[in-house]
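In the working numbering, the protein residues as written are 10 to 131.
Idealized CB from N, CA, C, for every residue including glycine.
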Ligand SMILES: [Fe+2]
């Protein structure tokens, strides 16, 4: 059997309705309000994952990035042994309508993983 190449691109769960423990440890969890007002700051938290991932020098989450649609908002880099793979960001969106927040994280062994959350900006 050929070994999976985790760095070939974005990793996705084989079955989103039945995640494996490894998938639960890598898929970012986004916590945000369901609706916000245009131009008013609000908090978005990103934690990797629904089961905590180890943060050891040999195996850790290197960073998380947050996007609104195609717009890059922020990147938070983590130092293993000193941090947990979790960040709370204050963002402001000056648009109207539905916006897809996208979180991307990189594990030094298991590559890139993403998740999305839709919010309404009015
Ligand atoms: Fe990992």
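Would you please state the rounded distance, in angstroms, between the beta carbons of residue i and residue j? I believe it to be under 8 Å.
i           : j           : result
residue 123 : residue 111 : 6 Å
residue 63  : residue 128 : Not a contact, Cβ separation roughly 30 Å.
Report the rounded CA-to-CA distance for residue i versus residue j, giving the unit in angstroms.
i           : j           : result
residue 43  : residue 33  : 23 Å
residue 47  : residue 74  : 22 Å
residue 105 : residue 94  : 31 Å
residue 70  : residue 49  : 30 Å
residue 27  : residue 77  : 27 Å
residue 23  : residue 30  : 12 Å
residue 121 : residue 102 : 26 Å
residue 17  : residue 118 : 12 Å
residue 99  : residue 53  : 6 Å
residue 97  : residue 15  : 27 Å
residue 72  : residue 37  : 11 Å
Does the beta-carbon of residue i have 16 or more other beta-carbons within 10 angstroms, so that it is buried, or is it exposed?
i           : result
residue 68  : exposed
residue 87  : buried
residue 107 : exposed
residue 58  : buried
residue 25  : exposed
residue 66  : exposed
Under 8 Å: does the beta carbon of residue i sit that close to some heavy atom of ligand 1?
i           : result
residue 62  : yes
residue 13  : no
residue 118 : yes
residue 34  : yes
residue 21  : no
What does DSSP give as the partner residue(s) for residue i in the beta ladder?
i           : result
residue 124 : 112
residue 37  : 57
residue 69  : None, per the DSSP bridge assignment.
residue 85  : 73
residue 100 : 51
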